[in-house]
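Taken in order, these protein sequences are the chains called A and B.
The letter at position 31 of the first sequence is residue 31 when you use our numbering, and the numbering goes up by one with no holes.
When you read off a place in the second sequence, starting at 1, and then add 167, the result is the number in our numbering.
Heads up, the beta-carbon is just placed ideally off N, CA and C, and yes, glycines get one too.
Predicted, not measured: the structure shown is a model, and the values here were computed from it.
The next block holds one structure in the form of structure tokens; read it before the comments.
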Amino acid sequence: MSSILRIGVQFLVIVALFAAVAAFSDHPIYRQIPQGSGIVMLTFVHGSDRRAECRRLTPEEIAKLPPNMRKVEDCPRRRRPIDVELDVDGRTIFRASLSPTGIAGDGPSRVYERFVLPSGRHDLAVRMRDTPRAEGFDHERSGVLELAPDQLFVIDYRSANGEFVFR
Amino acid sequence: MIGAIRILLRHGFELIERPFDRLFGPALNPVAQLGALGFFFFWIVAVSGIYLFIFFDTGIERAYESVEYITKDHWYHAGVMRSLHRYASDLMVVMLVVHMLREFSYDHYRGVRWFSWLTGLPIIWLLYTSGITGYWLVWDRLAQYVALVTSELLDWLPIFGEPIARNFIATGTLTSRFFTLMVFMHVAVPLFLLFIMWVHILRISRPKVNPPRALALMSLMALIAVSFWKPAVSQGHVDLARAPVEVGLDWFYLPLYPLTDFWGRGAVWALLAAFFLMVGLMPWLPPLRRARPAEVDLVHCNGCTRCAEDCPYEAIRMVRRTDTLPFPTQAQVNPALCVSCGICVGSCPSSSPFRRTEELRTGIDLPDYPLRELRERVVAAAEALQDSPRILVLACEHGGAAGRLSGVVRLPCVAMAPPSLIDFIISRRHAEGVVVAGCAESACYHRLGINWAKQRFAGQRDPYLRARVPRGRLATIWTSALESRRFDQEFAAFRSRIAALGPVKRDTHAPAGAAANPADGSASIKEEIGS
Numbered sequence: 001m002s003s004i005l006r007i008g009v010q011f012l013v014i015v016a017l018f019a020a021v022a023a024f025s026d027h028p029i030y031r032q033i034p035q036g037s038g039i040v041m042l043t044f045v046h047g048s049d050r051r052a053e054c055r056r057l058t059p060e061e062i063a064k065l066p067p068n069m070r071k072v073e074d075c076p077r078r079r080r081p082i083d084v085e086l087d088v089d090g091r092t093i094f095r096a097s098l099s100p101t102g103i104a105g106d107g108p109s110r111v112y113e114r115f116v117l118p119s120g121r122h123d124l125a126v127r128m129r130d131t132p133r134a135e136g137f138d139h140e141r142s143g144v145l146e147l148a149p150d151q152l153f154v155i156d157y158r159s160a161n162g163e164f165v166f167r
Numbered sequence: 168m169i170g171a172i173r174i175l176l177r178h179g180f181e182l183i184e185r186p187f188d189r190l191f192g193p194a195l196n197p198v199a200q201l202g203a204l205g206f207f208f209f210w211i212v213a214v215s216g217i218y219l220f221i222f223f224d225t226g227i228e229r230a231y232e233s234v235e236y237i238t239k240d241h242w243y244h245a246g247v248m249r250s251l252h253r254y255a256s257d258l259m260v261v262m263l264v265v266h267m268l269r270e271f272s273y274d275h276y277r278g279v280r281w282f283s284w285l286t287g288l289p290i291i292w293l294l295y296t297s298g299i300t301g302y303w304l305v306w307d308r309l310a311q312y313v314a315l316v317t318s319e320l321l322d323w324l325p326i327f328g329e330p331i332a333r334n335f336i337a338t339g340t341l342t343s344r345f346f347t348l349m350v351f352m353h354v355a356v357p358l359f360l361l362f363i364m365w366v367h368i369l370r371i372s373r374p375k376v377n378p379p380r381a382l383a384l385m386s387l388m389a390l391i392a393v394s395f396w397k398p399a400v401s402q403g404h405v406d407l408a409r410a411p412v413e414v415g416l417d418w419f420y421l422p423l424y425p426l427t428d429f430w431g432r433g434a435v436w437a438l439l440a441a442f443f444l445m446v447g448l449m450p451w452l453p454p455l456r457r458a459r460p461a462e463v464d465l466v467h468c469n470g471c472t473r474c475a476e477d478c479p480y481e482a483i484r485m486v487r488r489t490d491t492l493p494f495p496t497q498a499q500v501n502p503a504l505c506v507s508c509g510i511c512v513g514s515c516p517s518s519s520p521f522r523r524t525e526e527l528r529t530g531i532d533l534p535d536y537p538l539r540e541l542r543e544r545v546v547a548a549a550e551a552l553q554d555s556p557r558i559l560v561l562a563c564e565h566g567g568a569a570g571r572l573s574g575v576v577r578l579p580c581v582a583m584a585p586p587s588l589i590d591f592i593i594s595r596r597h598a599e600g601v602v603v604a605g606c607a608e609s610a611c612y613h614r615l616g617i618n619w620a621k622q623r624f625a626g627q628r629d630p631y632l633r634a635r636v637p638r639g640r641l642a643t644i645w646t647s648a649l650e651s652r653r654f655d656q657e658f659a660a661f662r663s664r665i666a667a668l669g670p671v672k673r674d675t676h677a678p679a680g681a682a683a684n685p686a687d688g689s690a691s692i693k694e695e696i697g698s
């Protein structure tokens, strides 16, 4: 093989290899959810009340504390878990008790869940309990959703307003 | 199990490498230049990235438009640079993966090579972080997908108070400040990557960080050609109200992302943790059993530095003399880095089998396979030769001749054989021909052994093969352990040539004026042959 021909073949081999790499840089196309479906996402960050109220310490208890760490009240940091449920078309598809975050359990509870639903009309209902009550829920919202193909529908909760937000 | 996988992979690489050897030649074979090509593609990515940064708008509102401006309005320079940036990054991943598999298949990760193997692992993380943050910056549908899945993966770890992914599910939640952080990471992480790449090659002597110019030029031309053929483009502006459900994934950087949909994020993290734990422990599964490291014999060391020059593992350095001999330096072996390849023995000018000292000693030697034993094995193997012409094979234990049963003296590396050993075999008429049989030319087990042997025989590197040795009686055959058939063919051809030459004649390689060399005790070749 002459040297020019040889170099030409070498170059073509390298081009072919690089072209294969370029082809795989955006193909094949990946489809995350089936055609004709959308995503309903339930996500919020919300901290419930502390598990217990602050308690006034007795003089004896205060005296037992090191002088530089003496305080009048003992306020437990740990928050209570939040219970949340999501119904779609009358069926509960998500139910969870969300533990508080943080090593001391004093951070907010959080949820980030995706649900793939066929596009079209759906009845949604979301409920949340963030107080010590044993039954019932503190916050609820329901509505009708017209889910478009590939739509990302978010169910959020605004702590400031104390209400669920559909968007 | 690991051994079986290694052998299987080795067969696979043989199938690819040998045809590449024939087409490109051993020096230009891209499969033997993976690390160097990785560095080369890094520089292409760096230069093209700096160029693109001139046009790129780091604000979240304008980022996508600026990338479109680069790609469409200035396709002929900035657009090409974008494609070079993308494809060179992808090629870095390819180089990394193939390089890692190849080093594994050739058992180049155990023993003292654990350092390079282990420092290669952060390179994987840093390269992927660089690439993923890069895709983020385009702020197209793929960027949205990458941002979502990456943050969902990170959110799975109990580190962040609020899920980061919430930033990418609604408009107005993401600020330019967060985007600027991504830009910073995309610049800072590659710099750190370069630093770790440097650490990765610290313990290697003469690391190949630049591919041969011809290969580099061809690679650059090919990249430019591919960039014109298939320009890198964006996949539509981010739309946070719609899920990025259909994206053209970069399968080199994002192959695990779809798995989060099928397996869940925890399983992907578990897979990554298991992979890196296993790969990290591999150098010790099982540990490489190695011979005792080389030892310096100061009586025979004049501090010539050749062993330190030739050591492929930076295991020898020259230090101030500790004895009374009148030389400024002496060799010192670092036992932690020495692999007992014996290349230093072959480089030592004292390593002459002609020496007539009571016990053959040299300046630097392997305690488990000293030069004395090598000479004894050569003499014994030569005496056992029965076929005519008699041909002795000095075989690398990793090459295609290692499995031969007779007429073979095995060495850890062919460069352990000092050139004077060839002279010794021919001039003492231990054989009519000598074959030096190493690994495949582009895959020397001890990295530089073939190079040094070739240069010594060609008179380009000290210690030289003496001019009096008839070159027709010496053959070098470079074959991998799986190419024993090719070795047999080349060996048969050499045998025919030696048969035509006939026996070693008294004056064949004793040219007039070939002086005695008292230093190596060879006396006169005429005298030796005549005796």
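Residue i - partner residues in DSSP beta bridges
{"i": "B/A551", "result": "Bridge partners of B/A551: none, in fact."}
{"i": "A/D87", "result": "A/T92, A/A125"}
{"i": "B/S647", "result": "B/G566"}
{"i": "B/E462", "result": "B/D532"}
{"i": "B/V560", "result": "B/V575, B/V602"}
{"i": "A/S97", "result": "A/D83"}
{"i": "A/G105", "result": "The partner list for A/G105 (beta bridge, DSSP) is empty, contrary to what the question assumes."}
{"i": "B/L641", "result": "B/V601"}
Extent of the continuous beta strand (DSSP E) run through residue i
{"i": "A/Y30", "result": "29–31"}
{"i": "A/S142", "result": "139–147"}
{"i": "A/R158", "result": "152–158"}
{"i": "A/R114", "result": "109–118"}
{"i": "A/F164", "result": "163–166"}
{"i": "B/A604", "result": "600–605"}
{"i": "B/L578", "result": "575–578"}
Contact set for residue i: own chain, Cβ-Cβ below 7 Å, skip 5 residues either direction
{"i": "B/R487", "result": "T496"}
{"i": "B/T675", "result": "For B/T675, the pLDDT reaches just 46, beneath the cut-off of 50, and the residue's location in the model is therefore unreliable, leaving the point undetermined."}
{"i": "A/F11", "result": "none"}
Residue i: first and last residue of the uninterrupted alpha helix (DSSP H) it sits in
{"i": "B/H367", "result": "343–367"}
{"i": "B/T427", "result": "424–429"}
{"i": "A/I39", "result": "Here A/I39 belongs to no alpha helix (DSSP H); instead the beta strand (DSSP E) covers 37–46."}
{"i": "B/Q301", "result": "Looking at the sequence shown, residue 301 of chain B is not Gln but Gly. First-last of the alpha helix (DSSP H) with B/G301: 281–305."}
{"i": "B/R409", "result": "From DSSP, B/R409 is part of no alpha helix (DSSP H); its letter is neither H nor E."}
{"i": "B/G756", "result": "Residue 756 of chain B cannot be examined here, being either before or after the span of chain B that is shown, 168 to 698."}
{"i": "B/Q402", "result": "That residue, B/Q402, is in no alpha helix (DSSP H); it is neither H nor E in DSSP."}
{"i": "A/A22", "result": "3–23"}
{"i": "B/E235", "result": "230–235"}
{"i": "A/K71", "result": "Neither: A/K71 is in no alpha helix (DSSP H) and is coded neither H nor E."}
{"i": "B/H178", "result": "169–191"}
{"i": "B/L195", "result": "No alpha helix (DSSP H) contains B/L195, which DSSP labels as neither H nor E."}
{"i": "A/E60", "result": "59–64"}
Neighbourhood of residue i by C-beta distance below 8 Å, restricted to the same chain and skipping five residues each side
{"i": "A/R77", "result": "R50, A104, G105, D106"}
{"i": "A/I62", "result": "R70, K71, V72"}
{"i": "B/F282", "result": "L369, R370"}
{"i": "B/Y254", "result": "L390, V393, S394, A399"}
Residue i beta carbon near the ligand FMN (any heavy atom closer than 7 Å)
{"i": "B/W396", "result": "In terms of ligand content, the structure shown is empty, and the ligand FMN therefore cannot be addressed."}
Spatial neighbours of residue i in its chain, beta-carbon cut-off 6 Å, leaving aside the 5 residues before and after
{"i": "B/D188", "result": "N196, S609"}
{"i": "B/G605", "result": "C563, G566, V581, I617, W645"}
{"i": "B/F654", "result": "G567, A568, I644, T646"}
{"i": "A/V154", "result": "M41, R167"}
{"i": "A/C54", "result": "E73, C75"}
{"i": "B/D590", "result": "R633, V636"}
{"i": "B/D554", "result": "none"}
Can you list, in chain order, the stretches of the beta strand (DSSP E) that have 3 or more residues and sit fully within the region 474–521 of chain B? With a minimum length of 3 residues, the continuous beta strand (DSSP E) runs that stay inside the region 474–521 of chain B are 483–487, 496–500.
What are the residues in the region 444–456 of chain B lying within 8 Å of chain A by C-beta distance? Of all residues in the region 444–456 of chain B, none has a Cβ within less than 8 Å of some Cβ in chain A.
Residues of the region 130–149 of chain A whose Cβ lies closer than 8 Å to any Cβ of chain B, in chain order: So the list is empty, because no residue satisfies the distance condition.
Note down, in chain order, all residues in the region 319–348 of chain B with a beta-carbon under 8 Å from any beta-carbon belonging to chain A. If the cut-off is 8 Å between Cβ atoms, the region 319–348 of chain B has E319, D322, P325, G328, E329, P330, A332, R333, I336, A337 near chain A.
Cβ-based contacts, 9 Å cut-off: residues of the region 18–30 of chain A near chain B: Flagged, chain order: F18, A19, V21, A22, A23, F24, S25, D26, H27, P28, I29, Y30.
What residue ranges within the region 240–272 of chain B form continuous alpha helix (DSSP H) runs of no fewer than 4 residues, ordered along the chain? Unbroken alpha helix (DSSP H) stretches of 4 residues or longer found wholly inside the region 240–272 of chain B: 247–272, given in chain order.
Residues of the region 263–277 of chain B with a CB closer than 7 Å to any CB of chain A: list them in chain order, please. Across the region 263–277 of chain B, no CB contact with chain A closer than 7 Å is found for any residue.
Where the region 105–126 of chain A meets chain B: residues whose CB sits under 8 Å from a CB there: Listed by position, the residues of the region 105–126 of chain A near chain B (Cβ gap below 8 Å) are G107, P108, R110, Y112.
Closer than 8 Å between beta carbons: that is the criterion. Which residues of the region 188–216 of chain B meet it against chain A? Shown in chain order are the members of the region 188–216 of chain B whose Cβ falls below 8 Å from a Cβ of chain A: L190, F191, L195, P197.
For the region 369–399 of chain B, list every residue whose C-beta sits within 9 Å of some C-beta in chain A, in sequence order. Those would be A381, L382, M385, S386, M388, A389, L390, A392, V393, S394, W396, K397, A399, in chain order.
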